[in-house]
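Residues 192 to 372, numbered by the working numbering, are exactly what the sequence shown covers, in order.
For every residue, glycine included, the Cβ atom is placed at its ideal position computed from N, Cα and C.
Fair warning: this is a prediction, and the values are worked out from it, not measured in the lab.
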Amino acid sequence: MSGFAVLHGDPSHKVRSFADEILGRREETIRKMRKALTGLVTDLCEQFETLKNDKPQLRLECVRIAETKWTKDGHLLVQLGYDPQGIYDLGPRYHVDDLIAEVVDHSDKAKPLANELGQFLAALVDQFSVLTKHHSVDLGAVAFEHTRWVDVGTETEEHLVLVFDIRHYGFPLCYREARWD
Numbered sequence: 192m193s194g195f196a197v198l199h200g201d202p203s204h205k206v207r208s209f210a211d212e213i214l215g216r217r218e219e220t221i222r223k224m225r226k227a228l229t230g231l232v233t234d235l236c237e238q239f240e241t242l243k244n245d246k247p248q249l250r251l252e253c254v255r256i257a258e259t260k261w262t263k264d265g266h267l268l269v270q271l272g273y274d275p276q277g278i279y280d281l282g283p284r285y286h287v288d289d290l291i292a293e294v295v296d297h298s299d300k301a302k303p304l305a306n307e308l309g310q311f312l313a314a315l316v317d318q319f320s321v322l323t324k325h326h327s328v329d330l331g332a333v334a335f336e337h338t339r340w341v342d343v344g345t346e347t348e349e350h351l352v353l354v355f356d357i358r359h360y361g362f363p364l365c366y367r368e369a370r371w372d
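Here it is, written out as structure tokens:
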């Protein structure tokens, strides 16, 4: 074996190709879902403004989206966390930051959440782009409705969860309709 040399080619072209595909899918997904995504971010900003009014001591720049769950009945649950260290940034979220800026710039109370909302939206958009790559979901028919807070706290700990319904042609977008089960 010592007489054989293994030549490793430069795989960077594969990485660039993959990144270009992901970013292209993200851009196309945002283009098709722009109205629904703008409505979702607007609703989220309004919910966070309400939360800030109810809890004025809450530092919104410390709020984190800790976990998301898509339920079998077409709801998306977004559990919040709190990081007292404050703002951190993972870098640009291509094609998402522009949409976030359009909406969040109109909400003074939600501006500290722009980074966290951008990361959340980028992940959501990427999931929908994967969903349409492998299954037939009309992105233009997707809507996010009835954004609301649910308190799932226990006696010792409070957990605020944002819930919104994911609809496709007015019906709940569930695992079966997305062909994920």
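For residue i, I'd like the list of residues in its chain whose CB is within less than 6 Å of its CB, leaving aside the five on either flank, ordered along the chain.
i      : result
LYS223 : LEU330 and GLY331
PRO303 : LEU251 and GLU252
PRO275 : CYS253
THR259 : VAL269
SER298 : CYS236
Here's a check: name, in chain order, each residue in its chain whose Cβ is nearer than 8 Å to the Cβ of residue i, leaving out the five neighbours to either side.
i      : result
ARG290 : A small correction: the amino acid at residue 290 is Leu; Arg does not occupy that position in the sequence shown. Cβ neighbours of LEU290 beyond the five flanking positions: ILE221, ARG225, LEU228, THR229, VAL232 and LEU312.
PHE319 : THR220, MET224, VAL328, LEU330 and VAL333
HIS350 : GLN270, LEU271, ASP342, VAL343 and GLY344
ASP234 : PHE335, THR338 and PHE355
TYR273 : CYS253, VAL254 and ARG255
LEU214 : TYR285 and HIS286
ALA257 : GLN270, LEU271 and GLY272
Helix, strand or coil: which one does DSSP assign to residue i?
i      : result
LEU267 : strand
PRO303 : helix
ASP342 : strand
GLY331 : helix
ARG217 : helix
ASP356 : strand
GLY309 : helix
LEU351 : strand
THR323 : helix
Chain B beta carbons: is any one of them nearer than 7 Å to that of residue i?
i      : result
THR229 : Structure shown: chain B not included; a single protein chain is present.
May I have the straight-line CA-CA distance separating residue i from residue j, to the nearest angstrom?
i      : j      : result
GLU218 : TYR285 : 8 Å
CYS253 : LEU308 : 12 Å
HIS359 : GLU336 : 11 Å
THR262 : LEU315 : 14 Å
GLU240 : TRP340 : 12 Å
ASP264 : CYS365 : 6 Å
VAL352 : LEU242 : 12 Å
GLN248 : GLU212 : 43 Å
LYS300 : ILE357 : 26 Å
LEU267 : PRO202 : 37 Å
ASP288 : ARG207 : 21 Å
ASP317 : THR323 : 10 Å
GLU293 : VAL321 : 25 Å
GLN238 : ASN244 : 10 Å
PHE362 : PHE209 : 33 Å
ARG216 : HIS326 : 14 Å
Tell me which same chain residues have a C-beta within less than 7 Å of the C-beta of residue i, skipping the five on either side of it?
i      : result
GLU305 : At residue 305 the sequence reads Ala, which differs from the Glu that was named. These residues qualify, in order along the chain: ILE291 and VAL295.
LYS246 : none
List, from N- to C-terminal side, the beta strand (DSSP E) runs of 3 residues or more that fit wholly inside the segment 228–256.
Taken in chain order, no unbroken stretch of beta strand (DSSP E) lies wholly in the segment 228–256 with a span of 3 residues or more.
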